[in-house]
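Data first, discussion second: the structure below is written as structure tokens.
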Amino acid sequence: MLTYNSKDWFKFIFFFRRSDTVVTLLPGIIGVGLFTWLIAFLELKYLVLTEREYIKNLSVMHSMLTFVISMLLVFRTNSAYDRWWEGRKLWGALVNNSRNLALKLGAMLPQEDKHNRMFYKKMIPMYAHVLSLHLRSEITRLALDEKEHPELAAIDHNKHIPNHVAALIFRRTNRLYEEKKITGDQLIVLNAELLSFTDICGACERIKNTPIPMSYSTFLKKFIFFFVLTLPFSFVLSLKYWAIPVVIFIFYALTSLEIIAEEIEDPFDGDENDLPIVKISENINKHVAELL
Amino acid sequence: MLTYNSKDWFKFIFFFRRSDTVVTLLPGIIGVGLFTWLIAFLELKYLVLTEREYIKNLSVMHSMLTFVISMLLVFRTNSAYDRWWEGRKLWGALVNNSRNLALKLGAMLPQEDKHNRMFYKKMIPMYAHVLSLHLRSEITRLALDEKEHPELAAIDHNKHIPNHVAALIFRRTNRLYEEKKITGDQLIVLNAELLSFTDICGACERIKNTPIPMSYSTFLKKFIFFFVLTLPFSFVLSLKYWAIPVVIFIFYALTSLEIIAEEIEDPFDGDENDLPIVKISENINKHVAELL
Amino acid sequence: MLTYNSKDWFKFIFFFRRSDTVVTLLPGIIGVGLFTWLIAFLELKYLVLTEREYIKNLSVMHSMLTFVISMLLVFRTNSAYDRWWEGRKLWGALVNNSRNLALKLGAMLPQEDKHNRMFYKKMIPMYAHVLSLHLRSEITRLALDEKEHPELAAIDHNKHIPNHVAALIFRRTNRLYEEKKITGDQLIVLNAELLSFTDICGACERIKNTPIPMSYSTFLKKFIFFFVLTLPFSFVLSLKYWAIPVVIFIFYALTSLEIIAEEIEDPFDGDENDLPIVKISENINKHVAELL
Amino acid sequence: MLTYNSKDWFKFIFFFRRSDTVVTLLPGIIGVGLFTWLIAFLELKYLVLTEREYIKNLSVMHSMLTFVISMLLVFRTNSAYDRWWEGRKLWGALVNNSRNLALKLGAMLPQEDKHNRMFYKKMIPMYAHVLSLHLRSEITRLALDEKEHPELAAIDHNKHIPNHVAALIFRRTNRLYEEKKITGDQLIVLNAELLSFTDICGACERIKNTPIPMSYSTFLKKFIFFFVLTLPFSFVLSLKYWAIPVVIFIFYALTSLEIIAEEIEDPFDGDENDLPIVKISENINKHVAELL
Amino acid sequence: MLTYNSKDWFKFIFFFRRSDTVVTLLPGIIGVGLFTWLIAFLELKYLVLTEREYIKNLSVMHSMLTFVISMLLVFRTNSAYDRWWEGRKLWGALVNNSRNLALKLGAMLPQEDKHNRMFYKKMIPMYAHVLSLHLRSEITRLALDEKEHPELAAIDHNKHIPNHVAALIFRRTNRLYEEKKITGDQLIVLNAELLSFTDICGACERIKNTPIPMSYSTFLKKFIFFFVLTLPFSFVLSLKYWAIPVVIFIFYALTSLEIIAEEIEDPFDGDENDLPIVKISENINKHVAELL
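Chains as they are written, first to last, in our numbering: chain D, 1 to 292; chain A, 1001 to 1292; chain W, 2001 to 2292; chain V, 3001 to 3292; chain E, 4001 to 4292.
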């Protein structure tokens, strides 16, 4: 993730980064442009239609469906953004959780118990680290797929690493309790943090392996496709060759939102807009080391 | 559920899966097409109406109601998606819960206590399994219906299975406490997970047996029906026979959203868009076995 | 509540149940129809206005305000549905709560302690039962009214029944603790459920006795009224007598949403769309008996 | 607050209460009416403009901005309603909290301990009472203002009363624990309620002293003002003197929403739409007396 | 933050504060005005286009995209406001938390233990104070940036101050427990507040260092830019030189929303609309001193 200054309008408007939707959409933009030119050529040169043709009234359909498509895109944008923001919250909770556990153990363990301090100093940031690897792996994304994935079979007998780290941390803490190094009251006080690790992991996995229902994704793409491809028929009659940039701009505006939503929806990949989970786990490492 | 790559536009646009709304709507599409053709024939050939007829201004009604219908469809889409996503969250919580319980018991029970370990290793995934069966049964869906269902009477004396599994787990845990195998502090630490099983079950039942209020469902269907069926009267005058594909496309766009919402609303059936609860309970089985 | 199959379009479109908004709105529909006919008669026969009259441009006002009215109706729909769904969640929580309490006590109380088991077997479902009566009484609805209600004075010295049942349950549980039949750790484990009863009751009372602010309700009704009553003036000129069904349909669409919202907003009455709280409390009775 | 029957359309439409927005807006309505008349006079009599003037196309701007203004008003309505409803939830939580605390103490304290029972019987409802006074005072509203308020200095050395009542309750409860009148387990069970008092107070203060960001409030008012004041220029040409009621109605619809939002936003004042916090604290008094 | 009276319409409409968007947008407004004038001059004087030109139909594109842009701006407004309000809630929680901790310790610590009372009286408000400094520092904003920031290197070896204050508070509380000055039950009762400090800090950091995904910010700015810059081409033909104020007003309305969202999004800066975190931490200081 790149931190940016949102007030720098000039840079945002005139520079095109590699992940900009204009770049991603370039082939589509060219295709739509050519298609509109073709329709314009057919209607204006070949069929010589005029503005009085009935086909011109097709625009009534487009204006009627504009609301529906706008609403749908907003629904798409909201649900994608909610996942992204929920992902960010979860990693924020992981940071808090790691800090709190370190802070509590730092106070409960005797200053001279180097051995146990070392253990937690290593294992707490370890959890964030293995979780970040876990969330970027292909197996996690396909965990709920009903198709077989023979290509992943080789790796599949690897166990669920974050669970194992969590189990190590819990076992050590329980042993401290059994050895009376911490009291029962202190165990209860530690419980929330211990529990929270796997909760966060499970919620991240949920975001990762469950995109929005396929039927919405399919319907929206089909809808945009037919909507944009019927635009030239009426626009060419009222705008002539000016219809080409107009259709392109509408295509760009509508598909950009879908493209951005697709990218944002899975916030744990390494894309430019995705969450900086590697950076966050480095920060956890730094903070925990300070506290223990 | 099929995991899909949302960036594959080509496949989404040109392939029609069996659950695609186009397929479901085919009879309706044909009906609406024929109806529009009939109106077109009547108005253009039989009555020979022209664009100056007053009926053409009917379109003012449609443009006014477009907002209302779009808003309603978005309300419908949002509430259906919220149920689906809440269902997903609940099953995610069930995963976390099962993992946490396994992880804690794995640390608390002595390594050599094979007997109790075996019990939990079997019963924790069992809960997810019986819950998935419970949620797909017809009795669960009709639990709040005020009509009599004599056809279900034969099965009705089966008891509430998930509750019984939860009771078994809780009883065993309480016995461990009474036999001093776990301390009171540890019982408190285990409490959240034990409690959470029935909470998740109850919330899933709520989603299953309470669709959105019937009056919304009825009103929306009536509204779409009259809206689409009055479209041809004015469109035929401005678009002639082109009105047929136009009315069909509008019909397709509006009803698709309602159709998808109906399917998504009950996320525990085995449809293509529904939650992979069987797969999830298999994953729970695998993870719990690793941890105990 | 009637459980319904949302996919049965045919039945929804062509059958009119007694609670259908069309039925409720019938007087209004007739009134609006007559009014539009009157305006049509006056403008077309008496004043003989033509389409070139300035009054026709009144439609610009209507198209401008359509957004505002649609947005408001969606706000109304959302807030009413949220109350209904919150009410459903609360009763779902009551189910979970009763189950969990029964399940825990079933494990904690010795099998032979028939006396206490009987007590909880009776009192836990009793709470749901008295709550359902409490929520349907007129006193509950008017609990926050600042006007005097002398007609209710006779019943008013009845005390708050759900609170008394909750107090009985809590007192018995505390006595079990004092008599050392359950330990302190077990009391803590039971605490969440004991507490939850009155929380649920309070939240249901809130939904019952606090409708949305009167100013929104008033404004929306006034707005719809003036909006619909000014429609005929311009529509009659462009649609002649066709304006009658058109105005009726717009009136139907807009007021239906308000009518449904009014009904849904108080989800504890016995209407067809309301929550089946009696059925739910019967189910609680059945499940608790199984678990204790 | 007045409890009302939302189904009484007739009364809502034809009666104007003192707090009705029509009444509040009367000066504005007259001003806008006069202004529109002035523009009408100038354009029609003095400049004798006709419908073919370019100024008539100004309406294109208004139709474009209608969406933006509707959306903004819905954002305003939603955020104001959310505060109002959150305020209601908080006072509902205060009711639950007071009941639960009374109910628990009623069970824990020995029946003969009149002294402590009396204390809680008096202090629990006292908290609701002082909170209601606290929330209606001007000091609370201005707690975060950065300007100096010398006019409030005289009262400012009064301390934070709700905090002091909460401190008294907590201190007494802690003393009961130290005197072994309640056990540690019981203290933990009471903790949630004791904590909740100040949490509710803090959340109410937040709603009271933080209106929505001033920039939104300013922008919305400026926007409505310029939007409405440019309406007559084009409307007069298409509607002649009919523009006067039309502009008035649009002005009424848009500003009403802002006016209602302003009133709802601070739900603790004594306005007709505000929360009945005095009534609620009386109810708490009644219920707590029953339970202790 | 300035507390304001939202009912003072006159002042809001006619006064322009320094942070008003009109002031911020002045250069843009002048630029857009000049650009529109240029297009008007070219089209009307140089090319002498008339209303019948095809370019006039460009307005069909603008009316189609108006919905999309309004929806996007509302999405932007909502997500920015949510952050601002979440920030306010967090600081409200910090107030509650500090009060509760002070109130509990005030009751638990013996009246004569001046030493420990002094410690908490100083350290609890200290946390709010160092957090407010921490949230205004540039390092916090850039904590997740992947670029190197050599200019910040000099300060970077400063440690995470709020964590250290939290560690001091927790350590002291744990020592009180070990020295038996507070019991285990009391430690559990104090746990929620101790934990909450770092949770609040982490959540504030999240809001601070994670703006909305750059792709939305970029897309929205590009979209507004092209939308506004193509407006004059068609408006000039229908509105002549009147197009200049019209385009300026549309530009003002659209960009204002983006500008306000940018400012609100980071609620911890010292801007006029930002949260009064310094004032809040002063209030915490005052209230805690009263309670301990």
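Glycine residues also receive a C-beta, built at the ideal position from the N, C-alpha and C atoms.
Which ranges would you report for the alpha helix (DSSP H) in the stretch 4152 to 4214 of chain E if only whole runs of at least 4 residues count?
DSSP runs (the alpha helix (DSSP H)) wholly in the stretch 4152 to 4214 of chain E: 4153 to 4156, 4161 to 4178, 4184 to 4209.
Of all Cβ atoms in chain W, is any one closer than 8 Å to the Cβ of Tyr3054 of chain V?
It does not: the Cβ of Tyr3054 of chain V has no partner Cβ on chain W nearer than 8 Å.
Assess, as a yes-or-no matter, whether the stretch 3226 to 3236 of chain V is touched by the stretch 3030 to 3037 of chain V under the definition of 3 or more beta carbon pairs within less than 8 Å.
Short answer: they touch.
Could you please give the first and the last residue of the uninterrupted alpha helix (DSSP H) stretch that includes Glu2290 of chain W?
From DSSP, the alpha helix (DSSP H) with Glu2290 of chain W extends over 2277 to 2291.
In chain order, what residues of the same chain have a beta carbon less than 8 Å from the beta carbon of Ala3040 of chain V, not counting five sequence neighbours either side?
Taken in chain order, the residues that qualify are Pro3232, Val3236, Lys3240, Tyr3241, Ala3243, Ile3244.
Spatial neighbours of Leu2194 of chain W within its chain, please: C-beta separation below 7 Å, excluding the five flanking residues on both sides.
Same-chain partners within the cutoff: Ile2169, Phe2170, Thr2173.
Less than 8 Å separating the beta-carbons of Phe1015 of chain A and Lys222 of chain D?
Contact flag unset, no.
Determine, using beta-carbon pairs with one atom in the stretch 4111 to 4118 of chain E and one in the stretch 4096 to 4103 of chain E, whether at least three such pairs fall under 8 Å.
No: fewer than three Cβ pairs fall under 8 Å.
Tell me the start and end of each unbroken alpha helix (DSSP H) in the stretch 4046 to 4133 of chain E that is at least 4 residues and wholly inside, in chain order.
Listed in chain order, they are 4059 to 4108.
Rounded to the nearest angstrom, what separates Thr255 of chain D and Leu25 of chain D at their Cα positions?
Going from the Cα of Thr255 of chain D to the Cα of Leu25 of chain D covers about 8 Å.
With DSSP collapsed to three states, give me the class of Tyr3252 of chain V.
Tyr3252 of chain V: helix per DSSP, three-state reduction.
If you draw a straight line from the C-alpha of Leu3044 of chain V to the C-alpha of Glu3053 of chain V, how long is it?
Looking at the two C-alpha atoms, the distance is approximately 12 Å.
Compare the C-beta of His4160 of chain E with all C-beta atoms of chain D and state if any pair is closer than 8 Å.
Closer than 8 Å to some Cβ of chain D, the Cβ of His4160 of chain E qualifies, so yes.
List the residues of chain E that Arg3171 of chain V touches, going by C-beta distances under 7 Å, in chain order.
What Arg3171 of chain V touches in chain E: Ala4107.
Please check if any C-beta of chain A sits within less than 8 Å of the C-beta of Met61 of chain D.
So yes, Met61 of chain D belongs to the interface.
With 8 Å set as the bound, which would you pick, yes or no: does the beta-carbon of Ala3093 of chain V sit closer than that to a beta-carbon of chain E?
So, not an interface residue.
Quick one: Cα of Gly4106 of chain E to Cα of Arg117 of chain D, how far?
C-alpha separation (whole angstroms): 32 Å.
Label Glu1205 of chain A either buried or exposed according to how many other C-beta atoms from any shown protein chain fall within 10 Å of its C-beta, with 16 as the threshold for buried.
The residue is buried, with at least 16 neighbouring Cβ atoms inside 10 Å.
Kindly list the residues whose CB is nearer than 6 Å to the CB of His1129 of chain A, restricted to its own chain and excluding five residues on each side of it in sequence; keep chain order.
Taken in chain order, the residues that qualify are Ser1281.
Whole angstroms is fine: what's the gap from Asn4097 of chain E's alpha carbon to Lys3122 of chain V's?
If you take the alpha carbons of Asn4097 of chain E and Lys3122 of chain V, they lie about 26 Å apart.
Count the other CB atoms within 10 Å of the CB of Glu138 of chain D; is the residue buried (16 or more) or exposed (fewer)?
Burial call: exposed.
Relative to the C-alpha of Val4247 of chain E, which candidate in E:Tyr4046, E:Leu4047, E:His4062 has its C-alpha closest?
Ranking the options by Cα distance to Val4247 of chain E, first place goes to E:His4062.
The alpha helix (DSSP H) spanning Leu4034 of chain E covers which residue range?
Per DSSP, Leu4034 of chain E belongs to the alpha helix (DSSP H) from 4026 to 4041.
Does the beta carbon of Thr1066 of chain A sit closer than 8 Å to a beta carbon anywhere in chain D?
Yes, Thr1066 of chain A counts as interfacial toward chain D.
According to DSSP, is Pro3954 of chain E part of a helix, a strand, or is it coil?
Nothing about residue 3954 of chain E can be reported from this structure: the residues present for chain E run from 4001 to 4292 only.
Near Leu1135 of chain A, which residues of its chain fall below 8 Å by C-beta distance, leaving aside the five closest residues on each side in sequence?
So the list reads Cys1204, Glu1205, Lys1208, Phe1268, Ile1277, once near-sequence residues are dropped.
Are the C-beta of Trp4009 of chain E and some C-beta of chain V separated by less than 8 Å?
It does: the Cβ of Trp4009 of chain E has a partner Cβ on chain V nearer than 8 Å.
Within a Cβ cutoff of 8 Å, which residues of the same chain sit near Leu3133 of chain V, ignoring the five residues on either side of it in sequence?
Within the same chain, Leu3133 of chain V has close Cβ partners Ile3161.
Chain E partners of Leu3187 of chain V, CB-CB under 7 Å?
In chain order: Asp4185, Val4189.
For Tyr2004 of chain W, go through chain A and note every residue whose CB falls closer than 8 Å to its CB, in chain order.
Under the 8 Å cutoff, chain A gives Pro1211, Met1214, Ser1217.
Roughly how far, in whole angstroms, is the beta-carbon of Ile1284 of chain A from the beta-carbon of Ser1079 of chain A, given that I think they are within contact range, below 8 Å?
With 8 Å as the limit, Ile1284 of chain A and Ser1079 of chain A do not qualify as a contact, their Cβ atoms being about 29 Å apart.
Taking the beta carbon of Pro1027 of chain A as the centre, do at least 16 other beta carbons fall within 10 Å, making it buried, or is it exposed?
By the 10 Å Cβ count, Pro1027 of chain A comes out exposed.
Is there at least one Cβ from chain E nearer than 8 Å to Arg3076 of chain V's Cβ?
Cβ-Cβ to chain E under 8 Å: no for Arg3076 of chain V.
Indicate the three-state DSSP secondary structure (helix, strand or coil) for Glu2272 of chain W in the structure shown.
The answer is coil: DSSP assigns Glu2272 of chain W none of H, G, I, E or B.
With a Cβ-Cβ cutoff of 8 Å, do Arg2088 of chain W and Leu2229 of chain W count as a contact?
Contact flag unset, no.
Express the C-alpha separation of Asp4185 of chain E and Thr3184 of chain V in angstroms, rounding to a whole number.
Contrary to the premise, residue 3184 of chain V reads as Gly rather than Thr in this sequence. In a straight line, the C-alpha of Gly3184 of chain V is about 5 Å away from that of Asp4185 of chain E.
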